[in-house]
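First residue of the sequence shown: -3, per our numbering; consecutive thereafter. Step one of this worksheet: look at the structure below.
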Amino acid sequence: MTGMLASVVSLAEALQVREIGVDIIDLKNPAQGALGALPVAEVGRIVGCLNSGPPVSATIGDVPMDPDVVKPAVEAMASTGVDYVKIGFFPGGDWGGVIRGLSPLAGRGVRLVAVLFGDESPELDWIKELATAGFVGAMLDTRDKSKGSLRQACSDDFLRAFVSETRGRGLLCGLAGSLRVPDIAPLLALKPDYLGFRGALCGGERTDALDSESVRAISNLVRGEASSRTAA
Ligand SMILES: O=C[C@H](O)COP(=O)(O)O
């Protein structure tokens, strides 16, 4: 069954989505970019206060693909006690070096999730490298949030191939990127492990505050419990 990842910016929002019921609480600062990070100390405080509930992920931010930048950022974020550390793979830089540099952290139990950007046409060959290095998951997201949803950025064939390759290599598979109500059923049909949301939980604008009614409506749809009125 596909779960729901909800990106939140604060402890208050984390408690709000936990109360409604989501499968991953994702700590992020959308005002700082596609994968904008919250400060490490703030992530640590939120993780400490949550204490129980669904797994928590946090992103290291929109950082360049330089092993000397990414590795310390991952180590710092992992020290907060989050369950998953998300690393955005941005165009350019040394992807191979970053992946190899993070492998020892995976060996020490840090659960790494790579985020590839569907609107940057990533090569699916990297998924094999991620699996070999010990990453536990890979997500497809969008970098440019002004250009529509993941389904506008990627063909159905590409999305199907991403899910198949990721799951086939034993990685958790997530799909996100300005997803809206009409995207949910077609993406559920591909059977990813998670669908991820921010903008749709805020009434459309991802830097706005979370709206509980929107979270409930999306949650119901992901769980297949939508009434025809909600799904309209
Ligand atoms: O990890 C998921 C993202 O936060 C999705 O954000 P978005 O729905 O605004 O593109």
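Beta carbons: idealized from backbone N, C-alpha and C, even for Gly. Computed from a predicted model, the values in this text were never measured in an experiment.
The beta carbons of valine 39 and methionine 61 sit about 22 Å from each other, so the pair does not count as a contact at 8 Å. Of Gly133, Ile21 and Val65, the smallest CA-CA separation from glycine 166 is found for Gly133.
Three or more beta-carbon pairs separated by less than 8 Å link the region 191 to 211 to the region 172 to 181, which places the two stretches in contact. The beta carbon of isoleucine 16 is closer than 7 Å to those of Ser208, Val211, Arg212 and Ser215 in its chain, skipping five residues each way along the sequence.
Scanning the region 161 to 222 from its first residue to its last, the whole beta strand (DSSP E) runs of 3-plus residues come out as 168 to 171 and 190 to 193. Restricted to the region 71 to 129, the alpha helix (DSSP H) segments that are unbroken, complete and at least 4 residues in length are 91 to 103 and 121 to 129, listed in chain order. By the CB criterion at 8 Å, isoleucine 20 and glycine -1 fall inside the cutoff. For ligand 1, no non-hydrogen atom lies closer than 7 Å to the CB of leucine 171. Taking all protein chains in view, the Cβ of aspartate 140 is surrounded by fewer than 16 other Cβ atoms within 10 Å, so the residue is classified as exposed. In this chain, the alpha helix (DSSP H) harbouring glycine 44 covers 36 to 46. Here the region 151 to 168 lies against the region 119 to 133, with 3 or more beta-carbon pairs under 8 Å apart.
Counting only residues of its own chain and dropping the five nearest sequence neighbours on each side, valine 59 has a CB closer than 7 Å to the CB of Val65, Val66 and Ala69.
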